[in-house]
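Here's the structure we're looking at; comments come further down.
Chains as they are written, first to last, in my numbering: chain A, 1444 to 1791; chain B, 1444 to 1791.
Rendered as structure tokens:
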């Protein structure tokens, strides 16, 4: 009744997630000296002298980010922590604490929430992170989970999205696309299950993909490896929305273009097989699938020998003049411009 | 389909908010030396040597914590920040940064979210806090807002819920009950508006209460006053759920009882008038109304002269032997045991 009557009404569907964040936060000016880095990277950075505190937060909504019909609550808890830790590793930081806020409807029981927390607790144990706070409340519908992760990084070790230079090498950890193919398998089995609840699915040939979807691991080991190899990446991001989208973020923040080689893209054989089965283009799964939680970073050419042939790292391209944009080079030498087809948040 | 079949099903309604948090977090052990204080106070505390970082988080759900039919979005943004800053002040900390996460359904427009953010930005400006990050996503229904606030406190200045000693004085800032009476007025006007949308409510005699409900202020000034008066409270909490509930928290954490004097309870005259109009007991509004965002703290008797007759502070009772429990003493000298009737989160 007291609500303002705005004359302009811009539907959110007309904006992407990133345009919306820009629209809402572009006027913000930082006032505190300790606020080193604000909106626009994987995490915010707060200065404490020789150490810097890094903070990342994610909100996960039932029906938007997860489907409890195939995502066990324990896995959901584990994955929700991973999503946040991954953001901190993408700043080259070590996570130390998390807070967990929860809104739940009455259809959840205490035992269901204990399942969820057992996944959160396992993630905390495996990654040596403390759950130090949160908020628990009721919701009118479904489950919403908000996790904030806090970490530390020594001065000079912080890596943002904005330091890539022309000719730097573009490197990715692990392999890509499997979380997406895992999701396709789970969605298919859910549809089958709806038709025939007695059907016991044989998922044994899809184990890797399903695990990548249901129980991803944040790449703590890669941060430790970089430390061991004495590499400080010039820029870094984690792959949550999809390789294309993340490359475009690095490109925008660092003001460089990228050339990406299709034949270099690391992929598990299972991903190719599932893509064939579903008649997908596997490169599309790798570029736009998302939820891989691998680290994507740039390094100086002089560090090439340190990463060459490393089983956990693949050089997939390099930074170029920003005028050249971001291009995928396929096996025939053709260039295809990268577009962000990742998770389009407000498009149903 | 892969969900565990738990044999026990404990409905959440059978637990209070605090029992639920206990059930979910009692097994958690802190692993990092920097985790000074975990679940169970107004905020978590992380050690950084001479300074400590304090972190608080709150999740606000449309239809549970706010009603957009009388809460303008700008006010909601402002209040959501206040709720969190209030938690940090309750630790005697100075807020420095916040992150804001948002889940919104498609019924919200960009302009609506800009309204919300203008309230958040105003709160940041007034309290010298930086918005440094967050997450924006879609929801299947309504608006959910998760705010995390980060603050600093010097070593030795941190105040938790657990330091009150027998004979300490119990002090509250400002006055109590008005946020609750404001809510009653707004709910009544909403009901009237539903019947006759052309009715223009005359709310001029309820200004104070409505402002306390729609635009509360966190008590930054009290923290500055305590510094000026050279008082470090022995324990402190902010009043979000209601005075009774908060006294019981201090009692439990500090292992003391409290005697509270009904005639000392600070109340604006408007609160008494509205309570008469609605035929409420005004003491009940003060004890159980909640959302006052005043600070409730204990101080040593030796600090009494510093707070005596201060216009912003009222001594409302004192700490006693834990065996005596928490009692309200009324004008006739009768003792009534305090119970937490505050916001019963999972009871509709």
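Each residue gets a CB set at the ideal place from its N, CA and C atoms; glycine is no exception.
Notebook entry, point to check: Taking 8 Å as the CB-CB cut-off, is residue 1750 of chain A touching chain B?
Noted result: no
Next item on the list: Alpha carbon to alpha carbon, how far is residue 1725 of chain B from residue 1781 of chain B? Give it in angstroms, no decimals.
Entry: If you draw a straight line from the Cα of residue 1781 of chain B to the Cα of residue 1725 of chain B, it comes to about 15 Å.
Notebook entry, point to check: Skipping 5 residues on each side, what residues in its chain have a beta carbon closer than 7 Å to that of residue 1464 of chain A?
Noted result: 1482, listed in sequence order.
Check: Based on Cα-Cα distance, which residue from B/1512, B/1472, B/1477 and B/1462 lies nearest to residue 1640 of chain B?
Finding: B/1512
Check: What is the residue span of the alpha helix (DSSP H) that residue 1560 of chain A lies within?
Finding: 1553 to 1569
Check: Shortest alpha-carbon distance to residue 1495 of chain B belongs to which of B/1452, B/1593 and B/1526?
Finding: B/1593
Margin query: Based on DSSP bridge pairs, tell me the residues matched to residue 1696 of chain A.
Written below: According to DSSP, which records beta bridges pairwise, residue 1696 of chain A is partnered with nothing at all.
Notebook entry, point to check: Out of curiosity, what's the CA-to-CA distance linking residue 1480 of chain A and residue 1544 of chain A?
Noted result: 24 Å
Check: Touch check for the region 1768 to 1781 of chain B and the region 1692 to 1704 of chain B: three-plus C-beta pairs under 8 Å?
Finding: Verdict: yes, contact present.
Note to self: If you measure between the beta carbons of residue 1556 of chain A and residue 1502 of chain B, is that distance less than 8 Å?
What the structure shows: no
Next item on the list: Just the chain A side, please: which residues come within less than 8 Å of residue 1454 of chain B by C-beta, in chain order?
Entry: 1549, 1552 and 1553
Note to self: Since residue 1505 of chain A and residue 1587 of chain A should fall inside the 8 Å C-beta cutoff, what is the C-beta to C-beta distance between them, to a whole number of angstroms?
What the structure shows: 7 Å
Check: Which of the residues in the region 1535 to 1548 of chain B, read from start to end, lie with their CB under 8 Å from any CB of chain A?
Finding: 1539, 1540, 1542, 1544, 1545, 1546 and 1547
Notebook entry, point to check: Is residue 1539 of chain A buried or exposed, if buried means 16 or more other CB atoms sit within 10 Å of its CB?
Noted result: buried
Check: Taking DSSP as the reference, what is the three-state secondary structure of residue 1722 of chain B?
Finding: coil
Notebook entry, point to check: Using the rule of at least 16 other Cβ atoms within 10 Å of the residue's Cβ for burial, across every protein chain shown, is residue 1764 of chain B buried or exposed?
Noted result: exposed
Check: For residue 1615 of chain A, which residues of its own chain have a beta-carbon under 6 Å away from its beta-carbon, when the five flanking residues on both sides are left out?
Finding: Around residue 1615 of chain A: 1737, 1739, 1757 and 1759.
Check: When the cut-off is 8 Å and only beta carbons count, does residue 1466 of chain A lie next to chain B?
Finding: yes
Notebook entry, point to check: residue 1488 of chain B to residue 1517 of chain A, Cα distance in whole Å?
Noted result: 27 Å
Note to self: Against residue 1491 of chain B, what residues of chain A qualify as contacts under a CB-to-CB distance less than 7 Å, listed in chain order?
What the structure shows: Chain A residues near residue 1491 of chain B: 1491 and 1494.
Notebook entry, point to check: What three-state label does DSSP hand residue 1750 of chain A in the structure shown?
Noted result: helix
Notebook entry, point to check: Are at least three pairs of beta-carbons, each pair with one atom in the region 1645 to 1664 of chain B and one in the region 1577 to 1584 of chain B, less than 8 Å apart?
Noted result: Taking 8 Å as the limit for Cβ pairs, the verdict is that the region 1577 to 1584 of chain B does not touch the region 1645 to 1664 of chain B.
Next item on the list: Could you tell me whether any Cβ in chain B is nearer than 8 Å to the Cβ of residue 1768 of chain A?
Entry: no
Check: How would you label residue 1688 of chain A, buried or exposed, when you count the other beta carbons within 10 angstroms and need 16 or more for buried?
Finding: buried
Notebook entry, point to check: What's the gap between the Cα of residue 1444 of chain A and the Cα of residue 1633 of chain B?
Noted result: With a pLDDT of only 45 at residue 1444 of chain A, under the threshold of 50, the placement of this residue in the model should not be trusted; the figure read from the coordinates follows. C-alpha separation (whole angstroms): 8 Å.
Notebook entry, point to check: Leaving out the 5 sequence neighbours to the left and right, which residues in its chain are closer than 7 Å to residue 1531 of chain A when beta-carbon positions are compared?
Noted result: 1486, 1497, 1499, 1538, 1592 and 1594
Notebook entry, point to check: What are the boundary residues of the beta strand (DSSP E) that residue 1594 of chain A is part of?
Noted result: Unbroken beta strand (DSSP E) run through residue 1594 of chain A: 1586 to 1597.
Next item on the list: Return no unless some Cβ of chain A is closer than 8 Å to the Cβ of residue 1566 of chain B.
Entry: no
Checklist line | DSSP beta-bridge partners of residue 1762 of chain B | finding: In DSSP, residue 1762 of chain B forms a bridge with B/1701.
Notebook entry, point to check: Of the residues that make up the region 1649 to 1662 of chain A, which ones have a beta carbon closer than 8 Å to any beta carbon in chain B?
Noted result: none
Margin query: For a quick check, are the C-beta atoms of residue 1624 of chain A and residue 1714 of chain A less than 8 Å apart?
Written below: yes
Next item on the list: Look at residue 1653 of chain A and residue 1629 of chain A and say whether their C-beta atoms are less than 8 Å apart.
Entry: For residue 1653 of chain A and residue 1629 of chain A, yes; Cβs fall inside 8 Å.
Notebook entry, point to check: Beta-carbon of residue 1788 of chain A versus every beta-carbon of chain B: anything under 8 Å?
Noted result: The predicted model places residue 1788 of chain A with a pLDDT of 37, which falls under 50 and marks its position as unreliable; any figure quoted below should be read in that light. So yes, residue 1788 of chain A belongs to the interface.
Next item on the list: For residue 1587 of chain A, return the contacting residues in chain B, with the cut-off set at a CB-CB distance below 9 Å.
Entry: Chain B residues near residue 1587 of chain A: 1502, 1504, 1546, 1582, 1587 and 1589.
Notebook entry, point to check: Hey, is residue 1577 of chain B's beta-carbon within less than 8 Å of any beta-carbon in chain A?
Noted result: yes
Next item on the list: Could you work out which residue in A/1620, A/1563 and A/1559 is closest to residue 1717 of chain A when comparing CA atoms only?
Entry: A/1620
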